[in-house]
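I have placed the structure first, in the form of structure tokens, so that the comments after it can refer back to it.
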Amino acid sequence: MKNYTSVYDIPDLTQWLNEARELKSNPRQHKQLGSGKTLGLLFFNNSLRTRLSTQKAALNLGMEVMVMNFGKEGWALEFADGTIMDGDRAEHVREAARVVSQYCDILGIRAFAGLKDKSEDESEQVLNGFIDHCTIPVINLESALGHPLQALADAITIAEHKTSKRPKVVLTWAPHPRPLPHAVANSFIRMMQQMPVDFCITHPEGYELNDKIVGNTPVFHDQKQALEGADFIYAKNWSSYLDYGKVLNRDNSWMITQDVLGKARFMHCLPARRNVVVEGAVLDSGQSLVIEQANNRTYAAQLVLKKLLETL
Ligand code: AN0
Ligand code: CP
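FYI, in the numbering used here the residues of the sequence shown are 547 to 858.
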């Protein structure tokens, strides 16, 4: 594995899930592996979990960490080739990536979808710009199209908490006042398609995701029908993909309540707006796995860092 940019970079998921469990049982067991190595983390967007769990993972492996928030503190970067840079972008990714590669051994990048221009988002210009010009491995900390560290933590959580061989997992759209990216949903779908689970998706009409990602996964527009008999209910809002980046409705009948949840376990990547996406009582109940998912972000990141360190 050269970079970790998508769940498809995982060569053997079963083996990785076993190894994650092993790492979790003794997180400091490889603390020599990262000794003398530096992880750089560049954030073009906000974060709580990704920022801290990835740092924690690096510290568990004995690495040192440098973090930079690009939003206000970094020079505005140009990613397009051949432009006359006489606007407000002071530095090109061609230089920035090569400079950072000298300071770090592994680089993580968070750069959300802008949700304005679909083809620009689909080109993943920030993540790919760094991959193209970095001379070190790159980890996707949520890009325009995917959040593979989250999906790995979700897979670890489901593997730990399933009570049957082939649990039923449902990804449901949930309301939200602001337009949100498709990255978490995309990576979760791709991960569930590879897991031994009975998986389906439910969302209101108009919230269809990229059909190349959904593939043969069953999709229901009737949430109640989809959730019947679910063992894990994963809620996530996303803005429209077809009417790109738009909030089409905030139908709060799609919010996950205790009544809707039934006997299922509740999952969400967080941050979650209480009583909009999910009833507060669900998050406060013993059926919620959100805190455990966030805990598993550390072991997901640690596994990815370990695999990359082993290639250095
Ligand atoms: C982001 C999203 O939906 O992609 C990050 C989730 C991990 N969420 C928000 O911006 C609220
Ligand atoms: N789930 C997740 O990635 O959270 P942050 O945006 O806080 O990092």
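All C-beta atoms, glycine included, are put in the ideal place defined by N, C-alpha and C.
Note that the structure is a prediction, hence the values are computed from the model and not measured.
query = What is the residue span of the beta strand (DSSP E) that ALA705 lies within?
reply = Note, ALA705: premise wrong, no beta strand (DSSP E); alpha helix (DSSP H) at 694–707.
key: Sequence-distant residues of the same chain with beta carbon closer than 6 Å to MET609, five excluded per side   = GLY580, LYS583 and LEU585
query = Relative to the alpha-carbon of ALA604, which residue among ASN821, PRO573, PHE590 and THR629 has its alpha-carbon at the smallest distance?
reply = PRO573
query = Of the residues SER710, GLU668, GLY826 and PRO764, which one's Cα is nearest the Cα of PRO727?
reply = GLU668
message = Along the chain, where does the alpha helix (DSSP H) containing TYR649 start, and where does it finish?
response = 639–649
inquiry  = Closer than 8 Å is the cut-off here; do at least three beta carbon pairs connect the stretch 733–746 with the stretch 712–722?
reply    = yes
request  = State the DSSP-derived secondary structure class of ASP768, mapped to helix, strand or coil.
outcome  = coil
inquiry  = Suppose you measure from the CA of MET738 to the CA of ALA701; what does that come to, to the nearest Å?
reply    = 8 Å
inquiry  = Is it the case that the stretch 656–676 contacts the stretch 785–793, given that we only count it when at least three CB pairs across the two stretches are under 8 Å?
reply    = yes
request  = Check the DSSP bridge columns for LEU587 and list the partner residues they point to.
outcome  = VAL613 and GLY654
inquiry  = Using CA atoms only, rank isn't needed, just tell me which of SER786, THR596, ARG811 and GLU838 is closest to ASN756.
reply    = SER786
key: Nearest-angstrom beta carbon gap, THR748 and GLN769 [assumed within contact, 8 Å]   = 5 Å
task = Under 8 Å by Cβ, that's how I've got SER689 and ALA731 pegged, so tell me the actual separation to the nearest angstrom.
result = 14 Å between Cβ atoms; not a contact.
request  = Along the beta strand (DSSP E) that carries ILE685, what are the first and last residues, could you check?
outcome  = DSSP places ILE685 in the uninterrupted beta strand (DSSP E) bounded by 684–686.
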